[in-house]
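Position one of the sequence shown corresponds to residue 0 (numbering that gives the first Met the number 0), numbered consecutively onward.
Quick reminder that beta carbons are idealized off the backbone N, C-alpha and C, glycines included.
Model, not experiment: these values are computed from the prediction.
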Amino acid sequence: MSTGQGRTIAATAGMLLGLAAAAAAPTAIAAPKPAKPAIAVGRSADGKASFRLEGRRLIVTLRQPFARRRAGTRPHVTAICGEALDGAPASRYRRFRDVFLLDPARRAFTVSPRVRRLRLQLDRDIAARANWCGVRSSVRGGRRFLWARTTLRRGSRPGCVATARSPVESERAIAEYVYGWKNGAGSVGDYALRACLRPDGPWRVLTRGVWTKYGSTGPWGAVLSGSRIVWAVGPTGDGCSIWRTDLAGGAPERLASSPDPTLADACPREHGLAMNGNQGVLVLGEAGGLAWIVRGYGEPVLDQLNVADSDGSTVTLASAPAESISDIAISADGLTVTWREHGIGRSAPMP
């Protein structure tokens, strides 16, 4: 899971303007420093707040000061900022947890009711990618009187650069699994498989899933060859499936796990198939051909080696007891599949 969950926002000395003030007056007033150029700006749909990102500093300006419910109470404020995966308008989200934020920065604090401006310091990597920010406040008793969120409009964006720890890479593309903000006690969360073309292609979300402390339902396994990518999805209510696409153009194509109708929804053999990579269980050739091992049902358990050419024609090349098929590979010219069965090398032409 994401190792960056729970990052905090460091507050600058001037964050709470209503509390800063008792220092002795200086003998001379220095000329104000020119503001840094904003790399991202935004205004909430309801006009309650505007957001401005200058380097690593986020400035939130409220249309009206915080109100208090009764004397002696101080508003509780939560601010959050990060990269929204799908880039949907901020007005679509009713709660913070509705937005898929990658590795967000978050801070909760109390403020003076007179405060109209907050200054927050973001981590460098979050500031470089943040395109969504929000702030909410409430007073004791649970009454919420401010809820403002916005999509930050940026100038130039980072190019096709991996942000996850273990990306899958080829000479033409990068793919990675990214994890969103966890809800509640952190026992469930969203994740997604996304990819981009080097050097500056935009990130493209290929599919999404849900993980829990018991496992995940969604994409897993990811293999790149040039601009082509293949991955598995499942288990879901429909079983498992194999997907592939060309990032240079074209819609994702779904392939049955097996040409055998009784195994059409079977899952690729999990042994050796990590979230990122294949370890010889799922292989993509340079010409677009694909080979994979699927785990059968019933007793005795059999593994099945299937291949699909660039047109989607699927053929079963071998069926053998579980764990006896290994080391599958596709030749550089895309014409031949090789594997080991009971330790013996075998080969066959692609369909």
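Quick one: give me the first and last residue of the alpha helix (DSSP H) that residue i is part of.
{"i": "alanine 39", "result": "Not the alpha helix (DSSP H): alanine 39 falls in the beta strand (DSSP E), residues 39 to 42."}
{"i": "alanine 126", "result": "123 to 128"}
Buried or exposed for residue i, please, with buried defined as at least 16 other CB atoms from any protein chain shown within 10 angstroms of its CB.
{"i": "isoleucine 343", "result": "exposed"}
{"i": "glycine 179", "result": "buried"}
{"i": "glycine 107", "result": "At residue 107 the sequence reads alanine, which differs from the glycine that was named. Exposed: under 16 other Cβ atoms inside 10 Å."}
{"i": "threonine 261", "result": "exposed"}
{"i": "glycine 158", "result": "exposed"}
{"i": "alanine 23", "result": "With a pLDDT of 35 at alanine 23, under the threshold of 50, the modelled position of that residue is not reliable, and the figure given next carries that caveat. Answer is exposed; the Cβ neighbour count stays below 16."}
{"i": "glycine 248", "result": "exposed"}
{"i": "serine 346", "result": "exposed"}
{"i": "alanine 250", "result": "exposed"}
{"i": "glutamate 82", "result": "buried"}
{"i": "alanine 9", "result": "Bear in mind that a pLDDT of 46 at alanine 9, under 50, signals an unreliable position, so the model cannot answer this."}
{"i": "proline 299", "result": "exposed"}
{"i": "leucine 334", "result": "exposed"}
{"i": "glutamine 63", "result": "exposed"}
{"i": "glutamate 175", "result": "buried"}
{"i": "glycine 351", "result": "The chain is shown from 0 up to 350; residue 351 falls before or after that span and cannot be answered."}
{"i": "arginine 253", "result": "exposed"}
Quick one: what does DSSP say residue i is sitting in, helix, strand or coil?
{"i": "aspartate 302", "result": "strand"}
{"i": "threonine 26", "result": "Per-residue confidence for threonine 26 stands at a pLDDT of 40, beneath the threshold of 50, marking its modelled position as unreliable; the derived number appears in the next sentence. Coil, per DSSP."}
{"i": "phenylalanine 108", "result": "strand"}
{"i": "proline 320", "result": "strand"}
{"i": "threonine 261", "result": "helix"}
{"i": "alanine 10", "result": "With a pLDDT of only 42 at alanine 10, under 50, the local geometry of the prediction cannot be trusted, and the value read off the model is given with reservation. If DSSP states are grouped into helix, strand and coil, alanine 10 belongs with the strands."}
{"i": "phenylalanine 95", "result": "helix"}
{"i": "isoleucine 165", "result": "Rather than isoleucine, the amino acid found at residue 165 in this sequence is serine. Of the three classes helix, strand and coil, the one that applies to serine 165 here is coil, per DSSP."}
{"i": "threonine 211", "result": "strand"}
{"i": "leucine 205", "result": "strand"}
{"i": "phenylalanine 50", "result": "strand"}
{"i": "alanine 231", "result": "strand"}
{"i": "aspartate 45", "result": "coil"}
{"i": "threonine 60", "result": "strand"}
Rounding to the nearest angstrom, what Cα-Cα distance links residue i and residue j in this structure?
{"i": "arginine 243", "j": "glycine 133", "result": "36 angstroms"}
{"i": "serine 165", "j": "isoleucine 173", "result": "10 angstroms"}
{"i": "proline 198", "j": "serine 224", "result": "16 angstroms"}
{"i": "leucine 145", "j": "arginine 55", "result": "24 angstroms"}
{"i": "valine 75", "j": "threonine 216", "result": "Residue identity differs from the one stated: residue 75 is histidine in this sequence, not valine. Taking the straight line joining both Cα atoms gives about 36 angstroms."}
{"i": "valine 282", "j": "proline 201", "result": "25 angstroms"}
{"i": "alanine 48", "j": "glycine 311", "result": "52 angstroms"}
{"i": "threonine 337", "j": "glutamate 53", "result": "55 angstroms"}
{"i": "leucine 15", "j": "valine 98", "result": "Below a pLDDT of 50, predicted positions are generally treated as unreliable, and leucine 15, at 34, falls in that range; no measurement from the model is reported."}
{"i": "glutamine 371", "j": "leucine 57", "result": "For residue 371 there is no data in the structure shown, the boundaries of the chain being 0 and 350."}
{"i": "alanine 321", "j": "serine 309", "result": "28 angstroms"}
{"i": "arginine 203", "j": "proline 348", "result": "33 angstroms"}
{"i": "proline 350", "j": "alanine 129", "result": "46 angstroms"}
{"i": "cysteine 80", "j": "threonine 211", "result": "24 angstroms"}
{"i": "aspartate 332", "j": "glutamate 285", "result": "7 angstroms"}
{"i": "serine 256", "j": "cysteine 195", "result": "26 angstroms"}
{"i": "arginine 123", "j": "alanine 265", "result": "44 angstroms"}
{"i": "serine 169", "j": "isoleucine 241", "result": "20 angstroms"}
Need the endpoints of the beta strand (DSSP E) that residue i sits in, please.
{"i": "cysteine 266", "result": "Counting along the chain, cysteine 266 falls outside any beta strand (DSSP E), and DSSP gives it neither H nor E."}
{"i": "arginine 294", "result": "289 to 294"}
{"i": "glutamate 175", "result": "172 to 178"}
{"i": "glutamate 82", "result": "75 to 83"}
{"i": "proline 348", "result": "343 to 348"}
{"i": "leucine 283", "result": "281 to 283"}
{"i": "tryptophan 242", "result": "238 to 245"}
{"i": "leucine 117", "result": "116 to 120"}
{"i": "valine 160", "result": "Run containing valine 160: none; DSSP gives neither H nor E here."}
{"i": "glycine 200", "result": "Per DSSP, glycine 200 belongs to no beta strand (DSSP E) and is neither H nor E."}
{"i": "glycine 333", "result": "No beta strand (DSSP E) contains glycine 333, which DSSP labels as neither H nor E."}
{"i": "serine 373", "result": "A query on residue 373 cannot be resolved here, the shown segment of the chain reaching from 0 to 350 and no further."}
{"i": "leucine 151", "result": "Careful: leucine 151 lies outside any beta strand (DSSP E) and carries neither H nor E."}
Compare the C-beta of residue i against all C-beta atoms of chain B and say whether one is closer than 9 angstroms.
{"i": "glycine 342", "result": "Absent from the structure: chain B. Only one protein chain is present."}
When you measure from the CB of residue i to every non-hydrogen atom of the ligand ATP, does any distance come out below 8 angstroms?
{"i": "valine 76", "result": "As presented, the structure is devoid of all ligands, the ligand ATP included, so that no description of it is given."}
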